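Residue numbers (my numbering): 1 to 316.
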């Protein structure tokens with residue numbers, strides 16, 4: 001093995017050692033503290049109890065999937081038998097109505113936050129570019145930003161619920177009202193970091209680049225896509241990463257408060273259940289929420305590295 005490979009391996013192991021030490025230290029501290037906390041439902045769950053419930057949740061998901069598969073198979077066999085007896089029989093497919101599993105609720109939350117975040121980004125980025133390019137637009141919009149930015153999702157949720165119930169009326173809706181309510185609440189709360197950071201990034205573009213645009217006589221749209229956007233990418237993505245993190249936190253709170261399907265509802269249902277296993281299952285959900293939040297941030301970081309023109313920049 002060459003010296004370079006040995007040095008690279010040593011560097012990699014050194015970088016890996018610190019996170020491992022931090023995680024092991026956290027697990028040890030968690031185990032000690034948990035063993036000394038008594039609640040109305042018993043001992044606070046340590047790492048072992050949480051791992052056991054994580055395995056149980058996986059088993060429950062597999063069992064539920066098997067039940068659903070058996071249900072549809074039996075339904076298909078019954079329909080086939082009815083058609084054999086009566087070719088004019090109109091086949092009816094009924095959906096499996098079992099309770100959503102932990103993994104189904106994870107998917108619901110991920111899908112909801114993705115829609116809310118995307119909708120907010122489609123509004124915030126263009127509006128932020130407009131505010132960065134035009135002082136008049138910034139002066140007009142900034143008071144609204146400062147007024148609405150501090151509003152808690154707990155304040156938005158009742159209003160959004162009432163508006164969605166009044167406006168979204170359909171006998172055969174494409175999306176459930178609970179999904180629309182959660183997605184809109186997420187959008188309202190994660191709009192502002194992207195908008196503000198985009199405006200700051202656009203207003204901070206190097207004057208030399210602006211002069212190049214004038215010399216080349218670029219059209220307004222060409223100026224935005226060839227000068228403004230590439231130069232503002234770091235600040236735009238800073239806002240997007242902040243917005244996505246806020247959106248994920250807001251969604252969990254909204255699901256708990258409004259009892260909309262998702263991880264937040266899972267946490268609340270387990271709290272209301274009050275069994276001896278509830279605390280451990282809640283801890284599984286808490287750790288899952290944290291891991292997903294971390295993964296979403298890393299995903300945005302990877303995307304930023306892909307689209308950034310400066311490949312030598314250190315991004316964390």
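Glycine included, each C-beta is placed from N, C-alpha and C at the ideal position. Owing to the predicted nature of the structure, the values given are computational and were not obtained by experimental measurement.
query = Between the beta-carbon of residue 185 and the beta-carbon of residue 157, is there less than 8 Å?
reply = Locating residue 185 in the chain shown gives position 185, counting from the first residue. Locating residue 157 in the chain shown gives position 157, counting from the first residue. Yes, they are a contact pair.
message = Pop quiz: residue 280 and residue 45 are said to be a contact at Cβ under 8 Å. What is the actual Cβ separation, rounded to whole angstroms?
response = In the chain shown, counting from the first residue as 1, residue 280 sits at position 280. In the chain shown, counting from the first residue as 1, residue 45 sits at position 45. Going by Cβ atoms, the distance from residue 280 to residue 45 rounds to 4 Å, so yes, they are a contact pair.
query = Any idea what DSSP makes of residue 262, helix, strand or coil?
reply = In the chain shown, the residue the question calls residue 262 occupies position 262. Coil at residue 262, not helix or strand.
key: residue 111: first and last residue of the uninterrupted alpha helix (DSSP H) it sits in   = What you label residue 111 is simply residue 111 of the chain shown in a count that begins at 1. Here the alpha helix (DSSP H) through residue 111 covers 102–133.
request  = Provide the residue(s) that pair with residue 39 in DSSP beta bridges, ordered along the chain.
outcome  = Locating residue 39 in the chain shown gives position 39, where the first residue counts as 1. The partner list for residue 39 (beta bridge, DSSP) reads 42.
ask   = Given that a residue counts as buried once 16 or more other Cβ atoms are within 10 Å of its Cβ, and exposed if not, what is residue 241?
value = For the purposes of this step, residue 241 is taken as the residue at position 241 of the chain shown. Residue 241 is buried by the Cβ-count criterion.
ask   = Counting pairs of Cβ atoms below 8 Å between the stretch 290–302 and the stretch 201–216, do you hit three or more?
value = no
task = Let me know the alpha helix (DSSP H) ranges lying completely inside the stretch 178–239, each 4 residues or longer, listed in chain order.
result = Within the stretch 178–239, the complete alpha helix (DSSP H) runs of at least 4 residues are 207–216 and 220–223.
request  = Report, in whole angstroms, the separation of the C-beta atoms of residue 102 and residue 57, which I expect to be a contact under 8 Å.
outcome  = Counting from 1 along the chain shown, the entry for residue 102 is found at position 102. Counting from 1 along the chain shown, the entry for residue 57 is found at position 57. The Cβ separation is near 4 Å, so the contact holds.
query = Between the C-alpha atoms of residue 268 and residue 260, what's the straight-line distance to the nearest angstrom?
reply = Working through the chain shown from its first residue, we reach residue 268 at position 268. Working through the chain shown from its first residue, we reach residue 260 at position 260. Each residue's alpha carbon lies about 10 Å from the other.
ask   = Would the beta-carbon of residue 128 fall within 8 Å of that of residue 194?
value = One-based indexing of the chain shown puts residue 128 at position 128. One-based indexing of the chain shown puts residue 194 at position 194. In contact: residue 128 and residue 194 (Cβ atoms closer than 8 Å).
key: Closest Cα partner of residue 207 within the set 250, 228, 189 and 196   = Position 207 of the chain shown, counting from 1, holds the residue named residue 207. Nearest C-alpha to residue 207: 228.
query = From which residue to which residue does the alpha helix (DSSP H) around residue 78 run?
reply = Taking the chain shown and counting its residues from 1, the one referred to as residue 78 is at position 78. Looking at the DSSP string, the run of the alpha helix (DSSP H) that includes residue 78 is 47–85.
query = Where residue 199 and residue 275 are concerned, what is the direct C-alpha to C-alpha distance, given to the nearest angstrom?
reply = For the purposes of this step, residue 199 is taken as residue 199 along the chain shown, with counting starting at 1. For the purposes of this step, residue 275 is taken as residue 275 along the chain shown, with counting starting at 1. So the two alpha carbons sit approximately 50 Å from each other.
ask   = Hey, which unbroken runs of the alpha helix (DSSP H) at 4 residues or more fall wholly within the stretch 262–287?
value = If we require 4 residues or more, the alpha helix (DSSP H) runs fully inside the stretch 262–287 come out as 263–273.
Cβ-Cβ distance between residue 181 and residue 258 below 8 Å = On the chain shown, residue 181 is found 181 positions in, with the first residue counted as 1. On the chain shown, residue 258 is found 258 positions in, with the first residue counted as 1. Yes, they are a contact pair.
request  = Closer than 6 Å by C-beta to residue 141: which residues in its own chain qualify, once you throw out the five before and the five after it? Chain order, please.
outcome  = Mapped onto the chain shown, residue 141 falls at position 141. Hits under 6 Å: 131.
request  = Pull up the distance between the alpha-carbon of residue 263 and that of residue 84, whole angstroms please.
outcome  = Mapped onto the chain shown, residue 263 falls at position 263. Mapped onto the chain shown, residue 84 falls at position 84. Answer to the nearest angstrom: the Cα atoms are 44 Å apart.
task = Assign residue 255 to one of three DSSP states: helix, strand, or coil.
result = Looking up residue 255 in the chain shown gives position 255. Helix.
Nearest to residue 154 (by Cα), restricted to the options 39, 255, 72 and 100 = Residue 154 sits at position 154 when you count from the first residue of the chain shown. It is 255 whose Cα lies nearest to the Cα of residue 154.
message = Could you give the first and the last residue of the continuous alpha helix (DSSP H) run that contains residue 152?
response = One-based indexing of the chain shown puts residue 152 at position 152. Bounds of any alpha helix (DSSP H) do not take in residue 152, whose DSSP letter is neither H nor E.
ask   = If you draw a straight line from the alpha carbon of residue 43 to that of residue 270, how long is it in whole angstroms?
value = As a working mapping, residue 43 is identified with position 43 in the chain shown. As a working mapping, residue 270 is identified with position 270 in the chain shown. If you take the alpha carbons of residue 43 and residue 270, they lie about 16 Å apart.
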